[in-house]
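Worksheet for the structure shown next.
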Amino acid sequence: MAVTDVFARRATLRRSLRLLSAFRYEGSDPARFYGELAADTAAMVGDLWRATHGGPPTGRTLLDVGGGPGYFAAAFGDAGVRYLGVEPDPDEMHAAGPAFARESAKFVRASGMALPFADDSVDICLSSNVAEHVPRPWRLGAEMLRVTRPGGLVVLSYTVWLGPFGGHEMGLSHYLGGARAAARYARKHGHPAKNDYGSSLFAVSAADGLSWAASTGAAVAAFPRYHPRWAWWLTSVPGLRELLVSNLALVLSPR
1 MAVTDVFARR ATLRRSLRLL SAFRYEGSDP ARFYGELAAD TAAMVGDLWR ATHGGPPTGR
61 TLLDVGGGPG YFAAAFGDAG VRYLGVEPDP DEMHAAGPAF ARESAKFVRA SGMALPFADD
121 SVDICLSSNV AEHVPRPWRL GAEMLRVTRP GGLVVLSYTV WLGPFGGHEM GLSHYLGGAR
181 AAARYARKHG HPAKNDYGSS LFAVSAADGL SWAASTGAAV AAFPRYHPRW AWWLTSVPGL
241 RELLVSNLAL VLSPR
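The sequence shown lines up with residues 1 to 255 when you count with full-length UniProt numbering.
In structure tokens form, the structure reads like this:
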């Protein structure tokens, strides 16, 4: 069975539209948006694990690199997964409040590019929409592979720069260039964007991610994370994937 076979049945147009609809609440009601995203992510990771291991990841240890305030902790805790989150920003770690807290979840303040964990120490390593926010995304990827046990699962998903959401809150102005978009946002709002190009937001292409994954010898799948299954072919078309694969999921399994 291919690693994406189980998840492919869930990757419907209805799911894509539901997630797109939830996105409009990211600023006004983050708990609603991130709660929906977390539940979908836990289901996706569960499907990927089930396809390769024949059962759910119940009781397995998952390391969430850049896990933020804990929305994902709640979703994975509900799925019976032991959750360990890594987040460098203390404000982000506490942003969700107690509603999403889980006694079984553990959080560590650290950089994803230098994970303070031993080799082969977790079953699953996840990074959701973090790689575009660090200056060395493939160093982050290498660290994820290092801490994951052989036969385990690494899922690295990130926003593609030239896709429609590559500019984050800067909107489509990122097509003018990252520096111009950042300057335009600062002039309009009187302060830099939270995801500020060159400091907390970087241009990461689909081609770069696919090339890195292939170079590791551990790649098992790549697909547009939020697209319906019938649109996954876009990943294989150079140029087109940079514009239409808004978020690329790389799936790897250390040997």
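We treat Cβ as the ideally placed atom computed from N, Cα and C, and that holds for glycine.
Counting C-beta pairs closer than 8 angstroms gives three or more between the region 124 to 134 and the region 189 to 206, which meets the contact rule. Under the three-state reduction of DSSP, P224 is assigned to strand. Cβ contact annotation for G163 (same chain, cutoff 6 angstroms, sequence separation greater than five): S246, in chain order. In the DSSP assignment, N247 is bridged to T159. DSSP places R32 in no beta strand (DSSP E) but in the uninterrupted alpha helix (DSSP H) bounded by 30 to 53. Secondary structure at A118: coil, using DSSP grouped into helix, strand and coil. In the structure shown, V204 adopts coil according to DSSP, grouped into three states. K194 sits away from H174, with the two beta carbons spaced by 9 angstroms or more. In the DSSP assignment, the residues bridged to K106 are L84. For P224, the closest of L210, A249, E143, W230 by C-alpha to C-alpha distance is A249.
The region 116 to 129 and the region 59 to 71 touch, with three or more beta-carbon pairs separated by less than 8 angstroms.
For the pair A75 and T41, the CB atoms are nearer than the 9 angstroms cut-off.
Distance from the CA atom of S157 to the CA atom of R180, rounded to whole angstroms, is 26 angstroms. The three-state secondary structure of V65, taken from DSSP, is strand. Annotated three-state conformation of V6 is helix, per DSSP.
Here the alpha carbons of L84 and R109 stand approximately 11 angstroms from one another. For a cut-off of 8 angstroms, the C-beta gap from A206 to A213 is around 11 angstroms, too long to register as a contact. Judged by beta-carbon spacing, V154 lies within the 9 angstroms limit of V251, meaning their Cβ atoms are closer than that value. Residue pairing by DSSP places A219 opposite L252 in a beta bridge.
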